[in-house]
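K.L.:
Chains F and R, in that order, are what the protein sequence lines are.
The first sequence begins at 3 in the numbering used here and counts up one residue at a time.
The second sequence begins at 3 in the numbering used here and counts up one residue at a time.
Cβ coordinates follow ideal geometry from the N, Cα and C atoms, glycine included.
2 protein chains.
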Amino acid sequence: MARKQGSHAQITGPKVRDAALRLFAEHGFAAVSMRQIAAEVGVQAGALYLYTPDKQTLLFELMRDHLDALLAAWRVREAVPPLVELEAFTRHHIAFHLDRPDLVFIAYMELRNLSPENFAVIETLRGRYENRLEAILQRGIAAGTFDLSDSKLATMAVIAMLTGVTTWYRDDGRLSREAVADIYWDMVRKAVGPNPPD
Amino acid sequence: MARKQGSHAQITGPKVRDAALRLFAEHGFAAVSMRQIAAEVGVQAGALYLYTPDKQTLLFELMRDHLDALLAAWRVREAVPPLVELEAFTRHHIAFHLDRPDLVFIAYMELRNLSPENFAVIETLRGRYENRLEAILQRGIAAGTFDLSDSKLATMAVIAMLTGVTTWYRDDGRLSREAVADIYWDMVRKAVGPNPPD
DNA sequence: CTTTTAATTGAACAAGCGTTCAGATAGGTT
DNA sequence: AACCTATCTGAACGCTTGTTCAATTAAAAG
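(1) Tell me whether residue 76 of chain R sits in a helix, a strand or coil according to DSSP, three-state version.
(2) Examine chain R for any beta-carbon lying closer than 8 Å to the beta-carbon of residue 19 of chain F, and answer yes or no.
(3) Measure the CB-CB distance between residue 193 of chain R and residue 189 of chain F and report whether it falls below 8 Å.
(4) Could you tell me whether the region 146-165 of chain R touches the region 128-140 of chain F, using the rule of 3 or more Cβ pairs below 8 Å?
(5) Is it right to say residue 78 of chain R is buried, meaning 16 or more other beta carbons lie within 10 angstroms of its own, or is it exposed?
(6) Can you tell me which of F:139, F:108, F:136 puts its alpha carbon nearest to the alpha carbon of residue 124 of chain F?
(7) Going by C-alpha to C-alpha distance, which of F:134, F:116, F:42 sits closest to residue 17 of chain F?
(8) Would you check if there are 3 or more beta carbon pairs closer than 8 Å linking the region 83-100 of chain R to the region 36-56 of chain R?
(9) So with CB distances below 9 Å, who are the chain F contacts of residue 29 of chain R?
(10) Work out the CA separation of residue 63 of chain F and residue 147 of chain F for me, nearest whole Å.
(11) Taking C-beta pairs closer than 9 Å, name the residues in chain R that residue 195 of chain F reaches, listed in chain order.
(12) Got a sec? Which residues, its chain only, sit under 8 Å from residue 19 of chain R by beta carbon, not counting five neighbours each side?
(13) Evaluate the contact criterion for the region 19-32 of chain R versus the region 28-36 of chain F: three or more CB pairs, one atom per stretch, below 8 Å.
(14) For the pair the region 96-106 of chain F and the region 98-108 of chain R, tell me if three or more CB-CB distances fall below 8 Å.
(15) Checking contacts by CB at 8 Å: is residue 187 of chain R closer than that to chain F?
(16) Got a sec: which bits of the region 139-163 of chain R sit with their beta carbon under 7 Å from any beta carbon on chain F, in order along the chain?
(17) Do residue 150 of chain F and residue 144 of chain F come within 8 Å of each other at the CB atom, strictly closer than that value?
(18) When Cβ atoms are compared, which residues of the region 88-118 of chain F fall closer than 8 Å to chain R?
(19) Consider the Cβ of residue 129 of chain F: report whether some Cβ of chain R lies at a distance smaller than 8 Å.
(20) Can you name the residues of chain R whose CB is closer than 8 Å to the CB of residue 76 of chain F?
(21) Under the rule that 16 or more other beta-carbon atoms within 10 Å means buried, what is residue 166 of chain R, buried or exposed?
(22) Helix, strand or coil, according to DSSP, for residue 58 of chain F in the structure here?
(23) Looking at the C-beta of residue 182 of chain R, does it have a partner C-beta in chain F at a distance below 8 Å?
(24) Got a sec? Which residues, its chain only, sit under 8 Å from residue 121 of chain F by beta carbon, not counting five neighbours each side?
(25) Taking only three categories from DSSP, how would you classify residue 18 of chain F?
(26) Can you tell me whether residue 197 of chain R is buried or exposed, with buried defined as 16 or more other CB within 10 angstroms of its CB?
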């Protein structure tokens, strides 16, 4: 039996997931048919329904598990100075997202194709992640390390800026991941920090 | 006859464009049928083909005209100090994009659904816009106003950050457009500027 | 009013869609 | 060998898709 149960029902088999991930990222959820996914896996379309109840669930689980992994991968470090934690967050966010460009793409692009209930779940998870960054910024504001008039806007600005890396970064490009992370951290640090002199 | 010719062939009638814009933004290109667009306009599906040769062209013209308008709306100000021009760019980018959230959404989300030839056109236009920001940053680096180790990365970072506003801004939200622009300009200015003291 | 021209319908086309399911196949256990 | 069970096929279901086009309606021109 391919169906298994975990703390989340983990219905979808890994081969089906990988194929769906690849195709959804490349062509979009609505543009990819179950038959195309099946062909990628090497089975007939009917066989997919041993691994997922329907196409919608396939998309939802991809997103949910991605956000679960994103949340699980980051450990809050409240004992550390805000600037240090923000640097860790910045580098972690870039590294994590560059390792999963397809999932990042899907998680941002296919929100429209989720059913309302599934959308609500995904939005909650995303909000939880944003709150972690906001907490760091608020801690830094309180400590006087950061100079920001609005922690919520700063959160959105930093996340948009960092996630944007996935849209242009190429492993065979001009700069290494480390170099990119260094440069972005430099900009983030300045953006949230105090005003320059003169 | 509904077909007209301009410097660009402007095939698509405005009512059809508006309906397609609305539906593509809400549900996605691949998820919206010609029959749905026709219903929104109030005609049968066949009538759409008086205004567009096919669905692909409908999408392409939406994107192309959006980017044309974006490029046309910004006048380069090389006589002005880089910091001043960057502030104008920042505020203009936010204002322009907040006025057209649907088009912005489509222009970023539906690139995958363009034919290769159409994609190349759109990417060229987008690159031209990015180059304008990069030119400002390079001018500021040369003048010593900005402290950036990589103008290309800074360009991508600033555009991602600014465009991200369209994903969460609501007219009935907590902050006005001006307030948002003020806060974002503050962060952009610091991000590209010199390091803070201490 | 008649003729010409433009705009639109409505049916049709071949193809593809998500999903179901009876039946075939394969692998492991007795 | 026979049995069991998990896996998968292949056909079928009803429905939707983008696009075409002869026939019709509406509007404009004479």
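P.N.:
Looking at the coordinates:
(1) coil
(2) no
(3) yes
(4) no
(5) Looking at its Cβ environment, which holds fewer than 16 other Cβ atoms inside 10 Å, residue 78 of chain R is exposed.
(6) That would be F:108, whose Cα lies nearest to the Cα of residue 124 of chain F.
(7) Taking only the C-alpha atoms, the option nearest residue 17 of chain F is F:42.
(8) no
(9) Taking a Cβ-Cβ threshold of 9 Å, the residues of chain F close to residue 29 of chain R are 32, 114, 115, in chain order.
(10) 39 Å
(11) 192, 197, 198
(12) Correct list, in chain order: 60, 63, 64.
(13) The region 19-32 of chain R is in contact with the region 28-36 of chain F.
(14) no
(15) For residue 187 of chain R, the answer is no, since every Cβ of chain F falls outside 8 Å of its Cβ.
(16) 151, 152, 155, 156, 158, 159, 162, 163
(17) For the pair residue 144 of chain F and residue 150 of chain F, the CB atoms are not nearer than the 8 Å cut-off.
(18) 111, 114, 115
(19) No - not a single Cβ of chain R is within 8 Å of the one on residue 129 of chain F.
(20) Per Cβ cutoff of 8 Å: no residues; residue 76 of chain F is ~20 Å from chain R at best.
(21) buried
(22) helix
(23) yes
(24) 113
(25) helix
(26) exposed
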